[in-house]
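What follows is a single structure, written as structure tokens, with notes after it.
Numbering (this note's numbering), first residue to last: 5 to 322.
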């Protein structure tokens, strides 16, 4: 679970998760990754890790982004299945059994797709833009149903164990290890605590990072645009030559000529802009920016048989 400025929701989320996981698994752990929060989130995580032996906290050096924090937690996970869930209680923990039930032998990843999202107009529009970009990067129709609430088999992470780039999309990385994706409809609760940290601008930037970071589709688009306007230029040239041969004289129309120049120049600048985005990401990779950097961790989560009851731990602390 990536956490950012979520001190108000973590205790309630852990309480609800415990009853769900107790019934669903023989053993389990919760890894909460504090992605450089500016409030008391890390203090709350430390308290939860002290009072619940199955909770482990990871404190990153700064805010790296949700997917970077997710990747950190995924690499630390120790059990056969990994569930990813947000910290805002909009994905009810009680829906986890639905995902586990759908994870049959012929599936490796199950997404929890909201029946109806409750973010608001602009956030929903930005989410759709992001999913379209994700579909381009993943190259799979299931991308339109992808989201932060999911379960997958931990062995899939072997496919991206060596990934160390600054731009991370966990959903794209999962496609490096499997093509067996499915989705199940889950509830999506309205947010009651805190405010969303994902703005319209951040979602659009994330979509751009996914497209240019994990897909060559924009470069192919630039090539197609160049080819299209080259054909237009050839057609215009034939028009001028044929008219000269038939009627003689030059073709009048300064407006036509200026429009053609403006269109060609715009297409060239657009293509150069796409190439520039790729060069910027290559530059970032060459600078070897870390995917994430850990400041500190709490103790490793204990197996179920070794855990001390919460009430006993609290009496010891007093």
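We put the CB at the ideal spot given by N, CA and C, even for glycine.
Out of 193, 60, 71 and 157, the CA that lies nearest to the CA of residue 108 is found in 157. With respect to residue 85, residue 13 sits apart: the two C-beta atoms are not nearer than 7 Å.
According to the DSSP assignment, residue 38 belongs to no alpha helix (DSSP H) but to the beta strand (DSSP E) extending over 34-38. Per the coordinates, the alpha-carbon of residue 78 lies some 11 Å from the alpha-carbon of residue 36.
Straight across, the Cα-Cα distance linking residue 82 with residue 118 is about 28 Å. Short of 6 Å from the beta carbon of residue 301, and not among the five residues preceding or following it, lie these beta carbons of its own chain, in chain order: 62. One Cα belongs to residue 223, the other to residue 278, and the distance between them is close to 7 Å.
Under the three-state reduction of DSSP output, residue 187 falls in the strand class.
Counting C-beta atoms within 10 angstroms of its own C-beta, residue 304 has fewer than 16 neighbours from the protein chains shown and is therefore classed as exposed.
When the Cα atoms are used, residue 274 and residue 267 turn out to be separated by approximately 11 Å. Annotated three-state conformation of residue 63 is strand, per DSSP.
Only residues of its own chain outside the window of five on either side were considered, and among them 89 and 153 have a CB closer than 6 Å to the CB of residue 95, listed in chain order. Residue 64 is not a Cβ neighbour of residue 6, given a cutoff of 7 Å.
Taking the C-beta atoms as reference points, residue 186 is found nearer than 7 Å to residue 111. Our two residues, residue 87 and residue 155, have alpha carbons roughly 4 Å apart in a direct line.
Around residue 306, the same chain offers 57 as residues with beta carbons nearer than 6 Å, after the five sequence neighbours per side are excluded. In this structure, the beta-carbon distance from residue 180 to residue 193 does not fall below 7 Å. Contact between residue 102 and residue 24 does not hold, since their C-beta atoms are separated by about 11 Å, which reaches or exceeds 8 Å.
Around the CB of residue 26, fewer than 16 other CB atoms lie within 10 Å, so the residue is classed as exposed.
For residue 9 against residue 43, the beta-carbon gap comes to about 5 Å, under 8 Å, which counts as contact. Minimum Cα-Cα distance from residue 115 among the listed residues 40, 166, 105 and 149 corresponds to 149. Here residue 177 has 164 and 167 as same chain residues with Cβ atoms under 7 Å from its own Cβ, once five neighbours each way along the sequence are excluded.
Non-local C-beta neighbours of residue 28 in its own chain, meaning closer than 7 Å and more than five positions away in sequence, comprise 100, 101 and 104, ordered along the chain. Here residue 241 is exposed: its Cβ has fewer than 16 other Cβ atoms, across all protein chains shown, within 10 Å. Cβ atoms of residue 11 and residue 59 stay farther apart than 8 Å, at about 15 Å.
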